[in-house]
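Q:
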Amino acid sequence: MIEQITPAGFPDWVAKNQTGDSRPLLIDVREPWEWTLASVKPDAAFELLQLSMGDIPAALNQLDPDRPTALLCHHGMRSQSVAQFLLANGFEHLANVTGGIDAWSTSVDPSIARY
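Going by UniProt numbering, the residue at position 113 of the sequence shown is 113; the numbering climbs one at a time, nothing skipped.
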């Protein structure tokens, strides 16, 4: 199942998915030029990985299918597609950040540039 979470709900999702020393993972699947324009600030509560959508298949064996993983893109469409791909490849604890970095910049951190 792919859980749909808002940027404002992301901290609650992180809190409920922390287990011991393991932190949930947030994968930003946008392109490098997009990360340069606007990015989520790293946080001690979760790990941030910037991995373009097109690079996900090659990196699949480096990702832990048992680790809670949220996916982020510009508006939520690419991240939903990646979540579906991961689900089809044995990942179970998945969340899509609806509205993407655009919604994050308007509801969580207005210092993040909109594009």
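Glycine residues also receive a C-beta, built at the ideal position from the N, C-alpha and C atoms.
Identify every residue that forms a DSSP beta bridge with Ser22.
A: For Ser22, which the question treats as bridged, DSSP gives the partners Thr19.
Q: Go through the UniProt domain "Rhodanese" (20 to 113) residue by residue and report every complete run of the beta strand (DSSP E) that reaches 3 residues or more, in order.
A: Listed in chain order, the complete beta strand (DSSP E) runs (minimum 3 residues) inside the UniProt domain "Rhodanese" (20 to 113) are 25 to 28, 47 to 50, 69 to 72, 94 to 97.
Q: Out of Ser111, Leu94, Arg114, Arg78, point me to the one whose CA is closest to residue 116's CA.
A: Absent from the model: residue 116. The displayed extent of the chain is 1 to 115, so no value can be given.
Q: Considering only their Cβ atoms, is the gap separating Ala103 from Thr6 smaller than 8 Å?
A: Against a cut-off of 8 Å, the Cβ pair of Ala103 and Thr6 comes out as a contact.
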